[in-house]
Amino acid sequence: MSRAIRFVPVVLMIAVAVPAFGQIIPGDPGSYPSISVVNTAHNLNNYPGVTIPGNQVCLPCHTPHNALLAGEDNVLWNHGETGETFVMYSSTANQPEGPSKMCLSCHDGVTAIDNYGGNSGSIVMTGDAALGTDLSDDHPIGVEYPTSAPADYNAPASFSPGIGGGTGVQLVTISGIERVECTSCHHVHNNGLGNFLRVPIQESYLCLQCHIK
Ligand code: HEC
Ligand code: HEC
Ligand code: HEC
Ligand code: HEC
C-alpha cells in the first residue's frame with residue numbers, strides 16, 4: 769500500500785475535528801482554553817525594547833524579597849507605582865487602588881514598563897492597551913458593587929467559575945467594601961480567553977455575570 773493512500777484518512781479526521789476544537793462555550797469552564805502568562809503579552813520580554821534578565825517572567829511584577837508594598841496585599845510587588853491622578857467614570861469612584869493601581873502602573877501610558885526592581889526604566893506603553901489617565905470613557909472601577917440593588921445586579925454568590933474551574937468574575941474588597949476593579953473582569957496571569965478575561969465575552973457572558981439585563 770502506498771503512503772499517499774494511508775495518509776488520506778488522517779487528513780479527513782483532522783478536517784472533521786477542527787471546528788469543534790477550541791470552541792468556547794460560555795458557562796462551560798471545561799471549554800475555556802488556558803494560556804500561561806509565559807506565552808502572553810504579560811511576558812514583558814515580548815514587548816519591543818524590553819529585556820528581562822534571565823527571562824524571569826514574574827520579575828517585572830513580583831520579587832521574592834524586599835517588595836515595594838508591605839502587608840497582606842503586597843503580592844510581593846516589584847513594579848514602580850503610577851503617580852498619576854486619574855479622571856474617573858463618576859464622582860463616586862475612588863482613585864485607583866489595590867490591583868487596579870498595579871495595572872495602571874503600566875497601562876497609564878506614563879509609567880515605564882521596565883520600571884521595576886529599583887530601575888526607573890524607559891519603555892512606555894503606546895497604542896490601544898495604554899488606557900491613559902482618563903478613565904471616564906472606560907467601564908467604572910473603584911466603585912462599590914450594589915449588592916443592595918437585586919433588580920439590576922446578580923448576587924456575587926452566583927458568579928460562575930472561570931478558566932480551569934478557578935475564580936471567574938470577582939469583586940475586590942478594599943477598605944472593607946466589595947468593589948469592581950480591573951481584576952473583576954481580568955486575569956493578569958492567563959490569556960486563554962483573550963484580553964486576559966476571566967470568563968468569555970461571547971454572548972456577553974462576562975457582562976451578564978453582574979448585570980441583569
Ligand atoms: C504583568 C504583571 C504580572 C506578571 C508578569 C505576573 N504577575 Fe502575578 N500578579 C500580578 C498582579 C497585578 C497581582 C495582584 C492582582 C491579582 O491577584 O489578580 C498578582 C498576583 C499574584 C499572586 C497572588 C494572587 C494569585 O493569583 O494567586 C501570585 C501567587 C502571583 N501573582 C504569582 C505570579 C507568578 C509566579 C508569576 C510569573 C510566572 C507572575 N505572578 C507574573 C501581576 C503580575
Ligand atoms: C509591568 C507592566 C504591566 C502591568 C503591571 C500590567 N500589564 Fe497588561 N499589558 C502590559 C503590556 C506591555 C501589554 C502589551 C501591550 C501591547 O501589546 O501593546 C499588556 C497587555 C494587556 C492586555 C491586552 C492583552 C491582549 O491580548 O491584547 C490586557 C487586557 C491587559 N494587559 C490587562 C492588564 C490588567 C488588568 C492588569 C492588572 C491586573 C495589567 N494588565 C497589568 C503590561 C502590563
Ligand atoms: C467590567 C469589566 C472590565 C473591567 C472592570 C476592566 N476591563 Fe479591561 N477589558 C474588558 C473587556 C471585555 C475587554 C475586551 C474588549 C475590548 O477590547 O474593549 C477589555 C480590554 C482591555 C484591554 C485591551 C484594550 C485594547 O484595545 O487592546 C486592556 C489593556 C484592559 N482591558 C485593561 C484594563 C484595566 C487596566 C482595567 C482597570 C483600570 C480594566 N481593563 C477594567 C473588561 C473590563
Ligand atoms: C464585576 C461586575 C460587573 C461586570 C462583569 C460588568 N459590570 Fe458594568 N457595571 C458594574 C457596576 C457595579 C456598575 C455601576 C457603577 C456605578 O455606577 O457606580 C456598572 C456600570 C456599567 C454601565 C454604566 C451604567 C450607568 O448607569 O452609568 C454600563 C453601560 C455597563 N456597566 C456595562 C457593562 C458591560 C457592557 C459589561 C461587559 C463588557 C459589564 N458592564 C460588565 C458591574 C459590572
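According to the numbering used here, the sequence shown is numbered sequentially starting from 769. Cβ atoms here follow ideal geometry from the backbone N, Cα and C, with glycine treated the same way.
The C-beta distance from H955 to L965 rounds to 7 Å, short enough to fall under 8 Å. If you draw a straight line from the Cα of I931 to the Cα of G885, it is about 30 Å long.
Counted as a single uninterrupted DSSP element, the stretch harbouring T831 is not any alpha helix (DSSP H), since DSSP gives it neither H nor E. Counting C-beta atoms within 10 angstroms of its own C-beta, E971 has fewer than 16 neighbours from the protein chains shown and is therefore classed as exposed. Just so you know, the alpha carbons of Y913 and C978 end up roughly 9 Å apart. Straight across, the Cα-Cα distance linking Y973 with V855 is about 28 Å.
CA-CA distance, S888 to S802, rounds to 33 Å. G851 and L872 have their C-alpha atoms roughly 10 Å apart. Taking a C-beta distance under 9 Å as the contact criterion, V892 and T901 do not qualify as a contact pair.
Between N842 and H830, the alpha-carbon positions lie close to 9 Å from each other.
The beta carbon of L827 is closer than 8 Å to those of I820, P821, N846, Y884 and G885 in its chain, skipping five residues each way along the sequence. Taking all protein chains in view, the Cβ of D882 is crowded by 16 or more other Cβ atoms within 10 Å, so the residue is classified as buried. Within a 10 Å sphere around the beta-carbon of A923 sit fewer than 16 other beta-carbons, which makes this residue exposed.
S858 sits close to P908, with the two beta carbons spaced by under 9 Å.
In the three-state reduction of the DSSP assignment, S952 falls in the helix class. Under the 10 Å beta carbon count, V806 is surrounded by fewer than 16 other beta carbons and is classified as exposed. If you compare the alpha carbons of S928, D876, E849 and V825 with that of P968, the shortest gap goes to S928.
For H979, the pairing in a beta bridge is given by DSSP as Y921. Beta-bridge partners assigned by DSSP to D902: V855. H875 has its CB no nearer than 8 Å to any heavy atom of ligand 4. For H875, the enclosing alpha helix (DSSP H) covers residues G866 to H875.
Remark: the C-beta of G930 is outside contact range of ligand 3, defined as less than 8 Å to any heavy atom.
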